[in-house]
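Participant: Could you have a look at this structure, given as C-alpha cells, before my questions?
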Amino acid sequence: MTTVFDYERLLSRVEVIIFTQPNSSDLGSFLQPRYVNLPQLAEIFEMDVYGFDYSGYGYSTGIISEKSIYTDIRAVYDYVRQTAPNKKIVLLGYSIGTTAVIDLASTHPESLAGVILVAPFTSGLRLLGNQPKREKTHFFDRFVSCDKVAAINVPVLICHGGRDTVVPSEHGLELYEKLQKPVTPLVVHGADHQSILNGAYPQTFCRIHRFLKAETEVNLTQEEAREGFVMF
C-alpha cells in the first residue's frame with residue numbers, strides 16, 4: 001500500500017503537481033514546518049500538490065526496489081486522474097524521484113502537462129562512476145533515465161545546484177541535451193544537493209513558478225528553448 005498526501009487549495013489552477021521525493025526522506029520530511037514542505041509548495045505554486053511514500057518508505061508497506069518506485073508513481077498518477085479528472089498534471093521529481101518521473105513521463109500518460117527535474121542523474125552506474133556522458137548502458141545498470149528521457153513529449157524543466165557533489169550538474173546537462181521539448185534550465189551556482197530545493201535559494205522556486213505559469217502548454221521553438229542554462 002502506498003501512502004499519499006494531498007494538499008488541496010481552494011483556488012487551485014487547472015494543473016496539479018505530483019511530487020516525488022529523494023532517497024533519504026519520506027513524507028514526514030516534507031511536512032515539517034521548519035523546512036519547505038508540501039503545503040508551502042502548494043501555496044508558492046498555487047496548485048494542489050500530491051506527495052507519496054515509495055513502497056517500504058515511511059507509512060507505505062511493501063519492499064523497496066526500482067520496479068516498485070515506478071509502480072508507485074503510476075498508481076498515484078492514476079489515483080490523481082480519478083480524483084481530479086479535469087485537471088492537467090505536472091510531475092516534479094527530486095533526485096532519485098526524477099527517475100520515477102522520467103519513467104512515467106516517457107510512456108506518454110494522458111493529462112500530463114509538464115515535467116520538472118530537480119538534481120536528476122543519468123543512470124546509477126554513470127553516477128557512481130562520475131561518467132554522465134558514457135554512451136553504452138550496461139545490462140546491469142539501474143535507473144537509466146538517460147535512455148528514457150528523449151521519449152518525453154511535454155515541456156521539461158531541469159534545475160540543478162552548481163555545487164552539487166551528490167549528483168553533479170553535468171548529469172542534468174546531459175539529460176537536457178536529449179530532451180524533445182526542453183525549456184531554459186536553471187543552475188544555481190551556490191546551491192548543493194539539499195539547498196537547491198530547501199528554500200535557501202528562492203530563484204529555484206521563481207524559475208519553477210515561471211515554468212508552471214507560462215511554459216507547460218506553450219510550443220517553444222528550438223531556438224527559444226535552447227538558450228542555455230540560467231545561471232545565478
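In UniProt numbering, the protein residues as written are 1 to 232. Every residue gets a Cβ at the ideal spot worked out from N, C-alpha and C, and that includes glycine.
(1) Measure the C-alpha to C-alpha separation of I44 and H209 and round it to an integer number of angstroms.
(2) How close, in whole Å, do the beta carbons of V167 and S55 come, if the pair is a contact with beta carbons under 8 Å?
(3) Between I17, F143, S68 and L27, which lies nearest to M47 when the distance is taken from Cα to Cα?
(4) Looking at F211 and L157, is the spacing between their C-beta atoms short of 9 Å?
(5) If you pair each beta-carbon of the region 194-206 with each one of the region 134-148, do three or more pairs fall below 8 Å?
(6) Can you tell me whether DSSP reads P182 as helix, strand or coil?
(7) Please return the same chain residues whose Cβ sits closer than 6 Å to the Cβ of G172, not counting the five positions on each side in sequence.
(8) Checking 9 Å against the spacing of the C-beta atoms, do A113 and K148 come in under that value?
(9) For my contact list, P196 and V183 are in at a C-beta cut-off of 8 Å; report their separation, rounded to the angstrom.
(10) Alpha carbon to alpha carbon, how far is G190 from R163? Give it in angstroms, no decimals.
(11) Using CA atoms only, rank isn't needed, just tell me which of I152, E110, G93 and A100 is closest to N86.
(12) In chain order, what residues of the same chain have a beta carbon less than 7 Å from the beta carbon of R74, not counting five sequence neighbours either side?
Facilitator: From the atom records:
(1) Here the alpha carbon of I44 sits roughly 8 Å from the alpha carbon of H209.
(2) That belief does not hold up - the Cβ atoms of V167 and S55 are roughly 23 Å apart, past 8 Å.
(3) I17
(4) yes
(5) Using a C-beta cut-off of 8 Å, the region 194-206 makes no contact with the region 134-148, since fewer than three inter-stretch Cβ pairs fall below that distance.
(6) strand
(7) P120, I158 and H160
(8) no
(9) At residue 196 the sequence reads Ile, which differs from the Pro that was named. Contact doesn't hold; Cβ gap of about 17 Å is too wide.
(10) 6 Å
(11) E110
(12) The residues are L104.
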